[in-house]
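Notes to accompany the following structure.
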DNA sequence: ATGCGGTCCTGCAAGTTTGCATTACTGCAT
DNA sequence: ATGCAGTAATGCAAACTTGCAGGACCGCAT
């Protein structure tokens, strides 16, 4: 649960404010569309100042999708890394991480999750722009990608390791985006298949390329 | 030459204004840094209103690097496509196109080109953010990628063709970015090698992946 | 309970970017 | 030369985003 994280008053307040912002953002987008859901309006509804909004989220879109700023996914990532990906296909791991970042807020209520699904369906641009800034802003993600690749025997540990990590990460992001787009177009079921679909897309692409 | 494109007065004026904006942007960035080079300052120096600035370029950074808005690279792309890429490796073609978009302004004076090199070296973030928005905003690029891939026998022509095009394009963009980063770090020579380097990076990555 | 150090919230101002409406200019036909 | 239609330039306002500075609040030691 997101609302009773760790017992300090400060932490509780932060969690509550975060939840209020996410709820406000999602409700306003569903009710009035993404253009009418301005930062001012969201902040108003969440009971904070617009300046404070940006202390909680990097952008309007991040708030809508519930993507915590850089430090927030720390947990998700460490978790996945700790979950021993030894011998696993780095592509599978990375696709999982990328999809996981998009799901930072998935500890939230099922109501929120359902609403977000609807939003992504109706306004795919939002997810698109967020995915675009993923590979750009999230240096951390790149570090993790490099770390994962360095744990794979197939990848040499030379000076180009970082460059390769960037390339593989970009591939994974693009695949996740493609999988989401497909899911958004067809009135399909829910997400767990999305990661598998992304991996499958990468594999067929690679098979064609080589 | 960019300043004597097609003889209509209108076209000449447009070309001249474009050139003035690019020159102003580059000079200001070199003199005062990217933060001090505001849109207002650039527009002032170019003798236009700040609003007009955005009729010529999509963003401050695009102006600095001389990247024309979506329609601008039409020519570059058509040219490359016309130059018969039959039987050529789609990766090579795409890397060329991506690098080409970054060089839209390369018809400009050699002075401008040298200054831009210096800017990219000193402020790599600019190139980074531009590359990030490439795969996001440039729908056209994606279309071309799909077209190129559809011309290659190895790629099936099924429903996933667009998804695969997105993945390959993302790979190429990431590779070009990596190649540029490398070039920016080492006090290396000039650009023609960058495309080859990007292709090489992709190939070693693929070899490791499969 | 009080006070201290650190964190958080807020207002303000600057900068980027876009939409809309108004005005000016170019290209072309008369 | 004149006028018309389309295109370009501009001003204006709104929205997003970030840095800075002042004040409020929380956690903790005394």
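Protein chains in written order, with the UniProt record's numbering: chain X, 1 to 210; chain U, 1 to 210. Note that the Cβ used here is the ideal one computed from N, Cα and C, for glycine as well.
- Within chain U, no C-beta atom comes less than 7 Å from the C-beta of residue 143/X; the nearest is roughly 15 Å away.
- In this model, residue 183/U and residue 121/U are separated by some 8 Å (Cα to Cα).
- Annotation: Cβ neighbours of residue 210/X in chain U (cutoff 7 Å, chain order): 206, 210.
- DSSP, read as helix, strand or coil, puts residue 38/X in coil.
- In this structure, the beta-carbon distance from residue 140/U to residue 61/U does not fall below 7 Å.
- Look at residue 174/U: its C-beta is under 7 Å from a C-beta on chain X.
- Taking a contact to require three or more Cβ pairs closer than 8 Å, the region 199-207 of chain X and the region 12-24 of chain U do not qualify as touching.
- Of the candidates 165/U, 180/U, 8/U, 180/U places its Cα closest to the Cα of residue 130/U.
- Taking a beta-carbon distance threshold of 7 Å, residue 180/X does not count as an interface residue toward chain U.
- Boundaries for residue 102/X: no alpha helix (DSSP H) harbours it, and the DSSP string shows neither H nor E there.
- A residue is called buried once 16 or more other Cβ atoms fall within 10 Å of its Cβ, and residue 103/U is buried on that count.
- Residue-level contact check: residue 167/X touches chain U, since one or more beta carbons of chain U fall below 7 Å from its beta carbon.
- At least one C-beta of chain X is nearer than 7 Å to the C-beta of residue 136/U.
- Residues of chain X with a Cβ closer than 8 Å to the Cβ of residue 155/U are, in chain order, 208.
- Residue 99/X and residue 7/U have their C-alpha atoms spaced approximately 52 Å apart.
- If you draw a straight line from the Cα of residue 146/U to the Cα of residue 162/U, it is about 6 Å long.
- Taking C-beta separations shorter than 7 Å and ignoring five residues to either side along the sequence, the partners of residue 115/X in its chain run 26, 30, following chain order.
- Note that the C-beta distance between residue 63/U and residue 119/U is not below 7 Å.
- By the rule that beta-carbons nearer than 7 Å mark a contact, residue 197/U does not touch chain X.
- Near chain X, meaning a CB-to-CB distance below 7 Å, the residues of the region 118-131 of chain U are 128, 129.
- Looking only at 185/U, 200/U, 150/U, the smallest Cα-Cα distance to residue 208/X is reached by 150/U.
- Contact with chain U is absent for residue 113/X, since none of that chain's Cβ atoms lies less than 7 Å from the residue's Cβ.
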